[in-house]
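Beneath this line is the structure, given in structure tokens, with notes to follow.
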Amino acid sequence: MTPANNGVPEESGSGQSRFDILYEDNHLLGIVKPVNIPVQEDATGDKDLLTLLKEDVKERYAKPGNVFMGLVHRLDRPVGGAMIFAKTSKAASRLSESVRTHAFHKVYLTVVHGQPPKTQGRLVDTLLKDPKSNTVSIVRRGTPGGKEAILDYTVIGSAEGYSLLKINLLTGRSHQIRVQLSGIGCPLYGDQKYGAAVNRPGQQIALWSALTRFPHPVTKEDVELISLPPGAYPWNLWTPTIQKQAIR
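Dropping the structure here:
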């Protein structure tokens, strides 16, 4: 297994990246996604992560012409943490196949209000997205346009009325973690969209992509990216050691 922060670049860049790089070679680029940056262009017109990464690679390696950067999975704009991008079309295609065949594994950490009814469990819901409002709701199974959403959660600990959860995402629906946890009465800390009644404007949503594991598209070896949440409240209610043990 190739762990995070241990990728050995096969090409040598001359400059320092503006991103925290977890893994890089000729085929892949793994980074810590900063919070509050859209992954791809959206209606706000704000600079997106794909564009910024292309610029970063172009500058670091003095590449002429356009730089390829393939988007394989997504994170909501306010969410940060480990993400992998493909630097070639072949790598993008093979990683996308890994996602389709569930060989692509993602683990999240989140802090929620209250505590789920069980210390661990599986949530299975049907979700329907409203593109106009960019919101997602839980609907009855069989609702036209509805998509099945499945996640497993484990309660790692509780403090000050909050709980730290480990989330294994089995499907990748829009806003899935936020909607499903709000649906059981445990909205995420800082989530204004699905927990406005218990959160204050300006709070940063406490959802983090902590681990991403997948087979390398060329070598087939397991690649593992690890990124722990920032040390700010409410994350600092649990030590980095507890957080790291939780995602293993």
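My numbering puts the sequence shown at residues 23 to 270.
A virtual CB, placed ideally from N, CA and C, is assigned to each residue, including glycine.
Shown here, Q265 sits in a helix according to DSSP, grouped into three states.
Ranking G67, Y216 and M105 by CA distance to the CA of G205 puts Y216 first. No Cβ-Cβ contact shorter than 8 Å links T141 with V94. Two segments are said to touch when three or more pairs of C-beta atoms, one from each, lie closer than 8 Å; by this definition the stretch 212 to 231 touches the stretch 121 to 134.
Residue state for L97 is assigned as coil, using DSSP reduced to three classes.
The beta-bridge partner set that DSSP reports for L131 consists of K188 and W230. Boundaries cannot be given for D47, as no beta strand (DSSP E) includes it and DSSP labels it neither H nor E. Residue range T157 to V161 is occupied by the beta strand (DSSP E) that includes T157. Distance from V89 to V79 at the Cβ level is roughly 5 Å; contact confirmed, criterion being Cβ atoms closer than 8 Å. Going by beta carbons, P256 and Y184 fall inside the 8 Å limit. Distance from the CA of S39 to the CA of A84, rounded to the nearest whole angstrom, comes to 13 Å.
Comparing C-alpha distances from I43 to each of Q62, R270, L75 and K69 shows the shortest one belongs to L75.
The beta-carbon distance between R195 and L149, rounded to whole angstroms, is 5 Å. This is short enough to meet the 8 Å contact definition.
DSSP, reduced to helix, strand and coil, places L72 within a helical segment of the structure shown.
Judged by beta-carbon spacing, L186 lies within the 8 Å limit of W260, meaning their Cβ atoms are closer than that value.
Between P237 and S120 the beta-carbon gap is near 6 Å, inside 8 Å, which marks them as a contact.
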